Amino acid sequence: MSSSGMHAVVTLGAGPAGLSFSQHFNHQTDIYEKEASWGGRCRSHMIDGFIFDEGPHSSFTKDVYVKELFAESVEDRLNEIYPKILNRFGSDWVRHPVQTNLKGLPVDLVVSCILDFVKAERSGSGSLENYGQWLIDGFGEKFARTFPYAYTRKYWTVEPEQMTTNWIEQRIYRPDLEQVLKGALSSEINSNHYISTVRYPGRGGFQSFLRGLQEGTKAYYGYELVELDVQKKKITFKNGFERYYEALVSSMPLPVLVQSIKDCPTDIKQAAARLACTSVVLVNLGVARENLANCHWFYIYNEDILPCRVHFPSAYSADNSPPGTGSLQAEVYYSRYKPLGMSLEHVLEKTIQDLTAIGVISKEDQIILAQCQDVKHAQVLYHHQHTESRTAVLDYLEKHDVHCIGRYGEWAYLWSDQSIINGKRLAERLIKDKRITISSS
């Protein structure tokens with residue numbers, strides 16, 4: 001690659017945030033991507049005729065700009081879906097969310113949940129000290145420890161008390177007593193989920209929604225950063241390529257970026273080392289049966305069952321699986337706090353066994369595709385040192401003209417639409433920054 005025509009602003013990562021920054025910066029940036037393709041965690045993979053996204057993806061954004069961007073990217077060929085969401089607890093299937101759909105669960109459990117809910121309403125401390133206390137205050141001791149506590153251990157890999165609450169936003173619905181009672185006594189569906197409808201591309205998987213951002217980018221693939229010299233404003237890649245920049249925009253994982261910094265101050269290294277996340281093994285299965293899905297996705301509260309959540313790509317679009325087949329993707333999370341403790345082959349084997357045991361897959365089903373994908377950066381973990389450590393690292397980088405965007409760059413629980421807006425806002429800010437050289441072309 002020659003140095004001619006290079007832009008003063010360099011972007012690391014071609015995920016939704018990096019692509020969005022490029023587009024709104026009038027493509028006056030060079031993007032360097034470690035992987036062989038664009039899309040980041042929103043990539044879609046074609047495997048033996050099946051399409052699997054990197055985890056469950058669908059758009060429920062209310063942002064008008066993002067909605068129009070996604071629609072234009074697929075020429076309005078998208079599916080509008082009213083998702084059916086279930087939960088597995090014990091041997092029961094329960095509508096989502098459980099807190100407003102208790103009917104059908106063991107009577108003693110329902111009574112205990114309601115009694116504790118009333119106690120919590122009367123005497124809750126309103127404490128935001130930790131996520132565990134937030135759950136008990138909002139749902140009562142019995143419900144909290146039976147359902148979200150169990151799910152937290154599977155999904156977040158830690159105890160709820162180890163987490164803060166500043167990631168929750170509208171993600172978990174807190175009902176009032178009337179809603180709890182109605183859900184316990186009536187068979188009427190009480191859908192109080194933050195997602196009422198979702199959009200998904202008619203063809204090509206979720207990644208297709210980003211085509212409008214990808215067009216026009218100046219991107220280079222297979223470029224893995226190995227050293228960042230913030231004093232000289234120089235970056236070096238694993239393939240030996242080096243270059244300078246005026247400003248650096250990064251959507252790569254924040255701790256990984258800091259590890260590459262030459263002569264990085266010890267306190268910044270230590271702060272970055274404290275940042276934590278989960279990793280996930282995605283178990284992708286293709287089954288020779290069209291009516292595989294009885295919902296769009298479901299959560300599993302049973303701690304003896306390995307996956308915590310399962311969704312059905314074939315239920316989002318017929319294009320995601322060949323005719324006469326169905327597909328599912330199960331998630332198995334692990335972290336430094338809860339190591340995986342088994343091989344990917346064992347994860348695959350146990351997941352199939354568990355899903356067969358609860359009736360999602362039948363013993364007569366022919367599994368025609370079985371594959372695992374190990375994703376090292378999944379969910380940002382909001383432990384009690386998260387905010388302080390993250391702020392220290394981001395402030396240090398900003399002082400050296402390194403701007404971080406997106407879920408992994410900002411190290412925040414951002415959805416894809418939030419990452420896109422995140423990149424857009426940075427571009428608008430840098431365009432106003434007279435210190436940065438921007439081509440007039």
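Residue numbering for the sequence shown is 1 to 441, as defined by UniProt numbering.
Yeah, the Cβ is synthetic: ideal placement off N, Cα and C, and Gly gets one too.
Just so it is clear, the structure is predicted and the values come from calculations on it, not from any experiment.
* So does the segment 268-276 actually touch the segment 418-435, counting three or more Cβ pairs closer than 8 Å? -> Under the Cβ criterion (8 Å, minimum of three pairs), the segment 268-276 does not count as touching the segment 418-435.
* Simplified DSSP assignment, three categories, for Val402 -> Looking at Val402 - three-state DSSP - the assignment turns out to be strand.
* **Same chain only: Cβ atoms within 6 Å of Glu428, ignoring 5 sequence neighbours per side** => By the criterion of a C-beta distance shorter than 6 Å, Glu428 is surrounded by no residue of its chain, once the five residues flanking it on both sides are discounted.
* **Per-residue DSSP class, three states only, for Arg88** => It is a strand residue.
* Grouping DSSP H, G and I as helix and E and B as strand, with all else coil, what is Phe52? -> DSSP places Phe52 within a strand segment (E or B) once states are collapsed to three.
* To do: Compare the C-alpha of Asp354 against each of Thr391, Asn302, Ser314 and name the closest.
  => Measuring from the Cα of Asp354, the nearest candidate turns out to be Asn302.
* Under the three-state DSSP convention, the category Tyr220 falls into -> Here Tyr220 sits in strand by DSSP.
* In terms of residue numbering, what span does the alpha helix (DSSP H) encompassing Val64 cover? -> The continuous alpha helix (DSSP H) containing Val64 extends over residues 64-73.
* Which partner residues of residue 442 appear in the DSSP bridge assignment? -> Residue 442 lies beyond the residue range present for the chain, which begins at 1 and ends at 441; the question has no answer from this structure.
* Between which two residues does the alpha helix (DSSP H) harbouring Leu19 extend? -> Looking at the DSSP string, the run of the alpha helix (DSSP H) that includes Leu19 is 16-24.
* Can you name, in chain order, every residue of its own chain whose Cβ lies under 7 Å from the Cβ of His400, other than the five neighbours on each side? -> Cβ within range, chain order: Val230.
* Return the chain-ordered list of same chain residues with a C-beta closer than 6 Å to the C-beta of Gly138, the five sequence neighbours on each side being excluded. => Arg174, listed in sequence order.
* Nearest CA to the CA of Phe241: which residue from Leu254, Glu159, Tyr220? -> Minimum Cα distance to Phe241 is reached at Tyr220.
* Using the rule of at least 16 other Cβ atoms within 10 Å of the residue's Cβ for burial, across every protein chain shown, is Leu177 buried or exposed? -> Exposed, since its Cβ has fewer than 16 Cβ neighbours within 10 Å.
* Asked: What three-state label does DSSP hand Trp134 in the structure shown?
  -> The answer is helix: DSSP assigns Trp134 an H, G or I state.
* Consult DSSP for Ser440 and reduce its assignment to one of helix, strand or coil. => Confidence at Ser440 is low in this model, with a pLDDT of 48, below 50, so the placement of that residue should be treated as unreliable; the coordinate-derived value is given next. The DSSP-derived three-state label of Ser440 is coil.
* Asked: Which two residues bound the contiguous beta strand (DSSP E) that contains residue 452?
  -> Past the edges of the chain, shown from 1 to 441, lies residue 452, and the structure says nothing about it.
* Pair every Cβ in the segment 192-212 with every Cβ in the segment 53-66, then say whether three or more of these pairs are closer than 8 Å. => The segment 53-66 and the segment 192-212 touch, with three or more beta-carbon pairs separated by less than 8 Å.
* **3 or more residues per run - each beta strand (DSSP E) lying fully within the segment 291-356** => List check, beta strand (DSSP E) in window: 297-300, 309-311, 326-334.
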